[in-house]
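Trainee: Sharing a structure with you now.
In our numbering, the protein residues as written are 114 to 542.
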């Protein structure tokens with residue numbers, strides 16, 4: 114299996130629509146019950162002290178308290194229909210089940226909430242491992258992106274918290290595993306995709322990218338390892354460590370505001386490597402590289418067995434004069450697939466699909482999708498996925514290489530002193 118860093122982020126808990134609905138309904142129930150009780154008690158005492166008189170007005174006397182009681186019953190029924198309220202997150206409320214992966218700054222675990230039973234991907238970052246405030250700010254930026262962007266094809270974010278030694282971010286535990294594993298890494302053999310499967314994953318990933326861009330965010334690390342499958346077989350992007358909020362002014366394909374060279378070399382766009390600055394067009398370039406790999410059953414457009422980054426980047430820059438180094442397999446693909454990949458891999462960012470004057474509409478209108486993809490049905494996940502992971506419960510981890518939580522070969526930063534500058538960055542975390 115290819116190297117993969119399952120970076121998951123979390124942000125401060127924010128009041129959700131569900132929480133607000135619970136609060137409003139609960140607040141409305143209590144006055145109804147109190148007023149009903151008061152009126153009923155008053156009517157009962159009056160009835161006990163007065164002679165019994167048969168009157169046609171008796172139903173009207175009961176109408177107000179009975180109406181209030183009925184309102185309370187309806188509101189209580191409404192509360193039963195609501196999803197459960199978000200439970201507070203802290204180390205005390207979570208049980209760590211297993212470790213999914215670890216790195217120089219911390220680890221990612223599967224943690225189960227003690228009250229609700231919900232499982233999260235819990236990322237912990239050791240403050241002492243961060244050597245500069247810049248790294249601390251990167252963690253905060255990652256959290257902020259996930260806080261801002263809520264999308265069916267991007268991992269959900271649930272909350273963040275900290276203690277004296279670590280910061281923690283709790284995200285959706287996406288149980289289906291990596292898309293790469295299902296397509297190319299399964300021991301039973303690669304999964305053969307037809308044009309319908311290629312179209313499905315292309316639409317998933319393109320929609321996720323557009324979701325980020327519509328919030329002024331450039332992803333900058335689109336690659337196979339950052340794509341997971343949920344229980345329904347749909348793609349979800351993970352790891353917002355390199356994502357950058359650029360503001361709505363950056364949504365033009367020709368806008369080039371970012372200068373930092375970051376990402377994974379074989380997916381980097383030419384403008385990242387030339388140092389001219391770049392914008393959201395780099396994500397559509399990376400999408401082209403990813404789809405080439407998916408459509409050609411695992412062939413990698415710029416990567417070679419030696420894994421030499423300098424040679425990879427040289428091949429990317431050579432596209433300007435030599436064109437794309439496509440294989441014989443690529444020439445046998447459906448013409449619509451080839452056309453779409455070529456459109457994404459235009460050397461000039463302004464000419465790439467998704468980056469022209471029509472924006473994302475140029476992707477939706479492409480022959481690969483036009484007449485084949487109902488985008489509303491896609492967002493509602495009503496289109497059957499080519500493959501659906503077999504998941505049996507909320508803590509099923511069969512698609513991950515898990516490690517015991519007690520394993521002692523992870524970097525241990527406990528007891529290490531935290532730089533006061535780092536601690537200050539996380540004051541409002």
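Positions of the beta carbon are idealized from the N, C-alpha and C atoms, including for glycine.
Name the residue from 380, 486, 281 whose alpha carbon lies nearest to the alpha carbon of residue 427.
Mentor: When only C-alpha atoms are compared, the closest one is 380.
Trainee: Taking the alpha carbon of residue 270 as the point to measure from, which residue in 278, 282, 276 has its own alpha carbon closest?
Mentor: The shortest Cα separation from residue 270 among 278, 282, 276 belongs to 282.
Trainee: Can we say the stretch 495-514 touches the stretch 212-232, given the rule of at least three CB pairs closer than 8 Å?
Mentor: In short, these stretches touch, since the Cβ pair count reaches three.
Trainee: Take residue 355 and list the residues in its own chain whose beta-carbon comes closer than 8 Å to its own, dropping the five residues that flank it on each side.
Mentor: Only 332, 333, 334, 375, 376 meet the Cβ criterion.
Trainee: Near residue 457, what residues of its chain come up, given a Cβ to Cβ distance below 8 Å and the 5 sequence neighbours on each side ignored?
Mentor: Excluding sequence neighbours, residue 457 sits near 397, 398, 400, 401, 404, 465, 466, 467.
Trainee: What ranges does the beta strand (DSSP E) occupy inside the stretch 322-349, keeping only unbroken runs of at least 3 residues that lie completely in it?
Mentor: The stretch 322-349 contains these whole beta strand (DSSP E) runs: 340-342.
Trainee: DSSP three-state call for residue 471: helix, strand or coil?
Mentor: Note: residue 471 maps to coil in three-state DSSP.
Trainee: So residue 259 and residue 295 are supposed to be a Cβ contact under 8 Å. How far apart are they, rounded?
Mentor: Wrong, their Cβ atoms sit about 24 Å apart, outside the cutoff.
Trainee: Below 8 Å on the Cβ atoms is my contact criterion, and I expect residue 485 with residue 312 to pass it. Report the Cβ-Cβ distance as a whole number of Å.
Mentor: Yes, residue 485 and residue 312 are in contact; Cβ-Cβ is about 6 Å, under 8 Å.
Trainee: Residues bridged to residue 275 by DSSP?
Mentor: Bridge partners of residue 275: 280.
Trainee: What residue from 477, 450, 409 has the CA that sits closest to residue 297's CA?
Mentor: Residue 297 has its Cα closest to that of 409, out of 477, 450, 409.
Trainee: Indicate whether the contact test is met: 3 or more Cβ pairs, each with one atom in the stretch 275-292 and one in the stretch 525-541, closer than 8 Å.
Mentor: Enough Cβ pairs lie closer than 8 Å, so yes.
Trainee: Going by other Cβ atoms of all chains shown within 10 Å of its Cβ, with 16 needed for buried, is residue 533 buried or exposed?
Mentor: That one is exposed.
Trainee: Along the chain, where does the alpha helix (DSSP H) that runs through residue 452 open and close?
Mentor: First-last of the alpha helix (DSSP H) with residue 452: 448-457.
Trainee: Grouping DSSP H, G and I as helix and E and B as strand, with all else coil, what is residue 544?
Mentor: Outside the modelled stretch of the chain, which goes from 114 to 542, sits residue 544, for which no answer is possible.
Trainee: From residue 209 to residue 300, what distance separates their C-alpha atoms?
Mentor: Cα to Cα, the separation comes out at about 28 Å.
Trainee: Which residue from 293, 267, 280, 330 puts its Cα closest to that of residue 286?
Mentor: Among 293, 267, 280, 330, the Cα nearest to that of residue 286 belongs to 267.
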